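In this note's numbering, the protein residues as written are 6 to 150. Each residue gets a CB set at the ideal place from its N, CA and C atoms; glycine is no exception. These numbers come from a predicted model, not from an experiment. To keep things clear, I will list the structure first and then write my remarks on it.
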Amino acid sequence: MTSRFLVSAAVFATFVAVGASPSFALSTKECSVKYQAAKSAGTLNGETWNEFRKKECAGGEAAAPATTEEKPAAKTETTAPASGGSAVFPKAIDTKYSKETAGKARMHTCLDQYRANKANNGNGGLKWIQKGGGYYSQCNASLKK
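Here it is, written out as C-alpha cells:
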C-alpha cells in the first residue's frame with residue numbers, strides 16, 4: 006500500500022514539475038492585451054505580433070535578438086518604394102469598360118495604364134500590389150476622386 010502511494014506521489018510530482026513551466030506563459034488573450042497596450046504606448050519599435058508574442062509572452066522560450074533586429078531593417082527597404090513619386094495614373098475610366106461595374110472598370114483601366122507605364126518606367130518603382138499601397142491601390146484611389 007505504501008509503495009503504491011510512493012509511486013503515485015512520484016508520478017504526481019513529475020507531472021507537476023513538467024506542467025509548471027508552461028503555466029508562466031501568458032494566454033493569447035492576455036498577450037493580446039499586453040501587445041495592444043505596447044502598441045498604443047508606441048514601445049513596439051517595429052515589432053510584429055509574432056515577434057512580440059515570442060519575446061514577451063512565451064514561458065521560457067524567447068526569440069533570439071539577432072533575428073528580431075534584422076526583420077525591421079528589411080521592412081523599411083520594402084516600404085521605401087511605396088512612395089511612388091513619379092507614377093503616372095489615368096485621369097478617367099476608359100470608355101471601353103463602361104459596361105462593367107465601377108470597381109472592375111477602375112481595375113482594368115489601372116491595369117492598362119500600368120502595363121503601358123511598364124514599357125517606359127512610368128510606374129515610379131511601384132509594383133502592381135505591394136504592402137503599404139502599390140500601383141493599383143494608388144491608381145484606384147486617384148480614380149475614385
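Within 8 Å, strictly: CB atoms of residue i and residue j
i	j	result
Ala-92	Gln-143	yes
Gly-139	Leu-131	yes
Residue i in three-state terms, based on DSSP
i	result
Ala-85	Low per-residue confidence applies at Ala-85: pLDDT is 37, beneath 50, and the placement is therefore not dependable, though the value from the model is reported in the following sentence. Helix.
Trp-54	helix
Thr-100	helix
Val-38	helix
Leu-131	coil
Phe-10	helix
Glu-66	Reliability of the predicted coordinates at Glu-66 is poor, the pLDDT of 47 falling under 50, and the value obtained from them is presented with this limitation in mind. In the structure shown, Glu-66 sits in coil (DSSP, three-state: anything other than H, G, I, E or B).
Ser-45	helix
Leu-116	helix
Ser-32	coil
Ala-121	helix
Glu-61	helix
Gly-139	coil
Contact belief for residue i with residue j at Cβ below 8 Å, rounded distance in angstroms
i	j	result
Asn-128	Tyr-119	6 Å
Ala-43	Leu-49	5 Å
Residue nearest to residue i in terms of C-alpha spacing, selected from the options
i	options	result
Lys-59	Asp-99, Glu-105, Lys-39	Lys-39
Asp-117	Ser-8, Ile-98, Phe-57, Gly-47	Ile-98
Leu-31	Ala-107, Cys-62, Thr-100, Ala-121	Cys-62
Ser-103	Lys-136, Pro-95, Ala-121, His-113	His-113
Lys-96	Thr-106, Cys-115, Ala-124, Gly-137	Cys-115
Phe-94	Glu-105, Lys-123, Ala-107, Thr-106	Lys-123
Asn-55	Ser-45, Thr-33, Gly-47, Thr-100	Thr-33
Lys-150	Lys-101, Gly-137, Ala-107, Thr-7	Ala-107
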